[in-house]
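What follows is a set of notes on a single structure, which appears directly below.
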Amino acid sequence: MRITFLGAAGTVTGSKYLLEHDGRQVLVDCGLFQGLKQLRLRNWEPFPLAADKIDAVVLTHAHIDHSGYLPALARQGFRGPVYATQATRDLCVLLLPDSGHLQEEDALYANRHRFSRHHPALPLYTEDQARKALRLFRPRDFAEEFEPIPGVRMRFSLAGHILGAASVHVAWSGGSLLFSGDLGRDDDILMRPPEPPPAADFVVIESTYGDRVHEESDPATALAEVINRTAARGGIVVIPAFAVGRAQALLYLVATLKRDRRIPDLPVFLNSPMAADTTEIYQRHRAKHRLDAEQCRAMCTAARVVNSVEESEKLNELRVPAVIISASGMATGGRVVHHLKAFAPDHRNTILLAGYQAAGTRGAALVAGAQEVKIHGEYVPVRAEVASLGSISAHADRNELLAWIGKLPRAPQRVFVTHGEPVAADRLRLAIEEKFRWPTTVPEHRQAVELA
């Protein structure tokens, strides 16, 4: 077995791992690169192997940095099966066409306002191409063994993080390999904790928060404080939130805070039709998360859903205290960018970041204290308060990652640390070596390793 790290090596995005065995090829994850421009440009580079020679794709979960390149791969000739859990497939039905639609919209906007260096600006793939790629999905249950290529057996185990997220165990006649996928937290608001890892000869573990520990503050209290102080000065809270996972957690917290009268009964808008549809999917998969039927109903009715572009534009005219939850979570695109343009210049407002912000994104710039951010080719001043809600993160932190890998039934031959910024990955590598004395490596982009 040979593994090549085609993404999420030296960065926290673009997850792709190529497995080659007896002349066959399987791609584990098929994500888009996001964040820094030099990373985003990788999405446009020719794929390093012929797409029609890949036998299958296996997805750990639906987030775009793990699934978003799939329509581009299919456009280049991939026609094999895509294996994922049923919930991951259901979420990709929303996420992938939306990704194509946003890329088309961004290209049209860039061409209309002529701020792109490319003439004309083009989408990486279209909404229609994304819908066609959905036909390739072949859902599998957790713990169900499947064989993507002859002689290689795989199965999914619960990873927490978001609905449908899985770790992937790979076995062949000469050994075994475990992909952690993105790991969730034991005390996540929505998701059940990750399952203990099965034994494996080799382990690929994510390191998004490999160099830090989450703050222990109560997320409901922290959210209430932000909303209350912003409302007191007559401002609006704008929350860039991932449509899958963080938006649902925020809606649940808002519903709980309103029920307990810990925040005013101010209007709350969910300006992400996809997030609203995602919330419905959480209702259909209640056995896979913590919320009961009543809590799901409260989450679904916590906000007014904004569907049309016209309604979205009208939100920018708001002059009374309100909460706007909108995608994307790192403020890289989508409707929330227009809200930032409208509300960031006013000191009464608050921009609340509620998840990990990858380097090079507007969210990361805001967290770092940027006085202005570039939106649609122009610089927008940031006078609004910028706050973070770190305790709502869906990613395991350093201690939780170590606790998870420490539950392996036996020592692996080697651990590969991926899906983290360079400092985070290296600090987790060092922690694993010091704590367990296991050989641990941070692979480089496009590095290939024989798993013997």
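Residue numbering for the sequence shown follows the numbering used here, starting at -8 and increasing by one per position. For glycine and all other residues, C-beta sits at the position ideal for the given N, C-alpha and C. The model shown is predicted, which means the values in this text are computed figures rather than measured ones.
Indicate whether residue 45 and residue 71 have their beta-carbon atoms separated by less than 8 Å.
yes
Hey, could you find the ends of the alpha helix (DSSP H) residue 62 is sitting in?
61 to 66
Just checking my contact of residue 239 with residue 181 at CB under 8 Å: how many whole Å lie between their CB atoms?
6 Å
How far does the beta strand (DSSP E) with residue 135 in it extend, from its first residue to its last?
Counting along the chain, residue 135 falls outside any beta strand (DSSP E), and DSSP gives it neither H nor E.
Smallest Cα separation from residue 160: which of 179, 153 and 188?
188
What residue from 47, 252, 20 and 420 has the CA that sits closest to residue 137's CA?
47
The beta strand (DSSP E) enclosing residue 315, as first and last residue numbers:
313 to 317
Which runs of the alpha helix (DSSP H) spanning at least 4 residues fall entirely within the segment 117 to 194, listed in chain order?
118 to 124
Sufficient close CB pairs (3 or more, under 8 Å) joining the segment 403 to 423 to the segment 228 to 244
no
If you draw a straight line from the C-alpha of residue 419 to the C-alpha of residue 312, how long is it?
42 Å
Identify whether residue 235 lies in helix, strand or coil by the three-state DSSP scheme.
coil
Can you tell which of 287, 333 and 141 has its C-alpha closest to the C-alpha of residue 308?
333
Determine which residues share a DSSP beta bridge with residue 439 and list them.
-5
Check residue 75 in the structure and name its three-state DSSP category.
strand
Where do the N-terminal and C-terminal ends of the alpha helix (DSSP H) with residue 216 fall, by residue?
210 to 223
Member of 317, 272 and 200 whose CA lies at the smallest distance from the CA of residue 294:
317
Distance CB(residue 518)-CB(residue 167) smaller than 8 Å:
Because the chain here runs from -8 to 443, residue 518 falls outside it and cannot be looked at.
Where the beta strand (DSSP E) through residue 370 begins and ends
369 to 372
Apply the 10 Å Cβ neighbour rule to residue 430 and answer buried if 16 or more other Cβ atoms are within range, or exposed otherwise.
exposed
Taking the alpha-carbon of residue 215 as reference, which of 25, 442 and 247 has the nearest alpha-carbon?
247
Quick check on residue 250: does DSSP put it in helix, strand or coil?
helix
Over the uninterrupted beta strand (DSSP E) stretch that includes residue 407, give me the two end residues.
405 to 409
What's the call for residue 414, buried or exposed, on a 16-neighbour Cβ count within 10 Å?
exposed
Leaving out five residues before and five after residue 112 in sequence, what residues of the same chain have Cβ atoms less than 7 Å from its Cβ?
98, 101 and 102
Out of curiosity, what's the CA-to-CA distance linking residue 389 and residue 155?
22 Å
On the DSSP letters alone, give me the boundaries of the beta strand (DSSP E) that residue 20 sits inside.
15 to 21
Given residue 84 as reference, the closest of 53, 361 and -4 once Cα atoms are compared:
53
Spatial neighbours of residue 61 within its chain, please: CB distance less than 6 Å, with the 5 preceding and 5 following residues excluded, ordered by chain position.
21 and 124
Is residue 257 closer than 8 Å to residue 297 when the C-beta atoms are compared?
no
Within a Cβ cutoff of 7 Å, which residues of the same chain sit near residue 186, ignoring the five residues on either side of it in sequence?
148 and 149
Return the first residue and the last residue of the alpha helix (DSSP H) that residue 366 is part of.
Not the alpha helix (DSSP H): residue 366 falls in the beta strand (DSSP E), residues 363 to 366.
Residue 355 in three-state terms, based on DSSP
helix
Is the beta carbon of residue 345 less than 8 Å from the beta carbon of residue 175?
no
The beta strand (DSSP E) with residue 261 in it runs from where to where?
259 to 262
Quick check on this structure: which residue in 360, 305 and 276 has the alpha carbon closest to the alpha carbon of residue 82?
276
Short check: CB of residue 34 to CB of residue 87, under 8 Å?
no
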